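Have a look at the structure below, then the notes.
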Amino acid sequence: MSEQSAQRPLAAASGSAVAMALGSAVGFLPGFIIVALRADLGLDYWQVGLLSTVNYGCTWLAVSPAARLTDRWGARRVVLADMVLVALAAAIAAAASSYSVLLVAAVINGVGYALTNVGTNIVVKRSIEAQWRTAAMVAKSAAVPGFLALLAAFGPWVADRWHWRWIYSALAVAGALAALAVWRTLPDDRTAGRSTASRELPRYFGWFPVAAALMVFATVPVYLLSVPYLDESLGFTAAISGVLVGVSAAIGVGVTLLIVLLSGRVSPEFRARLVVILSARSRAMWAIFGLVLYRIRLVMVLCLTMGGFIALILAGGSFGVVVAIVGMVGTMSLQSARLGAMNAAVVERAGAAAARGSALAMGGYYLGTMLSPVAFGALLDAGVSYRWVWFICIILLGAAAVAYRLAGRLQPLDWSRWRKSPAGDR
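Each residue of the sequence shown is one higher than the last, beginning at 1 in my numbering.
Written out as structure tokens, the structure is:
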């Protein structure tokens, strides 16, 4: 870590969170203002949905080039470039008079979002001390659902009272201001981390994109299908179901942020004890984890825990809506935590090849994001019940935990050293 990078960890974390939030906004906004877009431009539902698909499809395609640009330009410059692209995409969308122009804006924003996904991971890796890196990754990931909650709450109201173009205009201004903030706050890392260390990814790293794809494939339905599940299976109206899911999402974001805030107050002894628990050399722990990095064990635990919460959503069909809501809140609370923990594990495992590793892992993540809605929608259209949908999600999260276990395998370690320094695998 360079001296300059180490001096501004809070600014780096804050700038990364803002960049992630704004980078995601243009991709999700069409779904929030779908009524206004349909009324003004005469669009069908599938056309509005295609805007988000194109956006994140371009993100998926651009992550590998984004990694190469990050290695060449430095993280600050690629994040800055994305904020410029956000401002450009939002300005184009605000002036759009046809659907094709909105598609152009989606392409521009999607490509830019790949830059921020890779760039902010490198900013956090090079600017935040290792013991705080996971919390910083969780915080920047939580900025996305937090900002989207604001868009969901105020976007339809602004579009109805004034016009949907005002929202895009505001995002264009915010992108321009964020570009200035990124330039001033993020550390210039063009010379940071340019050691002669190997930039080859470690053995088994290819399991990371598989694990990421399985993980997000299994959790997207919690957001997309919870409203129709409450409506069609538990007997609530669509309006009430929407409110319940919205409240669950808001609580989930709040719990995530609370975890991040409290992490600074947790004593070193407690954190060391947690490492010992997740690193215990027992038959049970070996059967579950094997010999893998501590942070990857944490991601595995989060995957398995989310599977347990989705089991509560499934059980809600038999035991009532309260059980289902608990499952939704629990799953949504861990969404940002599991993504942040995964990013921390990726940059730790990849070492000097962190940019390439982030691109590979996020490529799998966005592939799962694109395929999940189509696949589960097709299952429901084919007559598969929601119970089977939730059961499939649980199985996929278990498979994701196994894939993470494979991705994080290490050579045998000197366990006597670990007993003397239980917090060493951080």
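Note that beta-carbon positions come from the ideal geometry of N, C-alpha and C, so glycine has one too.
Quantities reported herein were computed from a predicted structural model and do not represent experimental measurements.
Assigned secondary structure, residue i (DSSP; H/G/I helix, E/B strand, else coil)
| i | result |
| --- | --- |
| A96 | coil |
| P202 | coil |
| W157 | helix |
| G235 | coil |
| P187 | coil |
| I128 | coil |
| S385 | coil |
| I251 | helix |
| G110 | helix |
| W390 | helix |
| W162 | coil |
| I167 | helix |
| I33 | coil |
| G317 | helix |
| G74 | coil |
| A280 | The pLDDT assigned to A280 is 48, lower than 50, so where the model puts this residue is not dependable; a value taken from the coordinates is nonetheless given after this. Reduced to three states, the DSSP call for A280 is coil. |
| L291 | The predicted position of L291 is uncertain, since its pLDDT is 46 and thus under 50; a value taken from the coordinates is nonetheless stated next. Three-state result, L291: coil. |
| G264 | Here G264 scores only 49 on pLDDT, less than 50, and its place in the model is too uncertain to base an answer on. |
Check: residue i C-beta below 7 Å from any heavy atom of the ligand SAH
| i | result |
| --- | --- |
| G74 | This structure lacks the ligand SAH; in fact it carries no ligand of any kind. |
Residue i, enclosing alpha helix (DSSP H) - first and last residue
| i | result |
| --- | --- |
| V216 | 207-224 |
| G408 | It is not in any alpha helix (DSSP H) - G408 carries neither H nor E in the DSSP assignment. |
| D381 | 354-381 |
| L43 | Where L43 is concerned, there is no enclosing alpha helix (DSSP H), given that its DSSP letter is neither H nor E. |
Cutoff 8 Å: residue i Cβ touching any chain D Cβ
| i | result |
| --- | --- |
| L225 | The chain inventory of the structure shown lacks chain D, comprising one protein chain alone. |
Within 8 Å, strictly: CB atoms of residue i and residue j
| i | j | result |
| --- | --- | --- |
| A337 | V138 | yes |
| P30 | V48 | yes |
| A13 | K140 | yes |
| V182 | V79 | yes |
| M20 | T116 | yes |
| L304 | L397 | yes |
| T369 | V222 | no |
| A36 | W166 | no |
| R295 | A67 | no |
| S333 | V118 | no |
| L51 | L103 | yes |
| V123 | A75 | yes |
| D82 | Y113 | yes |
| R203 | L314 | no |
| N121 | G27 | no |
| I394 | A311 | yes |
| V86 | L22 | yes |
| A353 | E200 | yes |
| A106 | G175 | no |
| S318 | F217 | no |
| M328 | A401 | no |
| F321 | L230 | Checking the sequence shown, residue 321 turns out to be Val, not Phe. Going by C-beta atoms, V321 is nearer than 8 Å to L230. |
| C58 | V101 | no |
| L41 | Y99 | yes |
| F32 | P228 | no |
| L225 | F391 | no |
| A17 | V84 | no |
Between the segment 392-408 and the segment 199-215, do three or more beta carbon pairs fall short of 8 Å? yes
Are the segment 64-79 and the segment 138-151 touching by the rule of at least three beta carbon pairs closer than 8 Å? no
Do the segment 159-174 and the segment 79-96 make contact, defined as three or more Cβ pairs closer than 8 Å? yes
When you compare the segment 377-385 with the segment 358-365, are there three or more beta-carbon pairs, one atom per stretch, that lie closer than 8 Å? no
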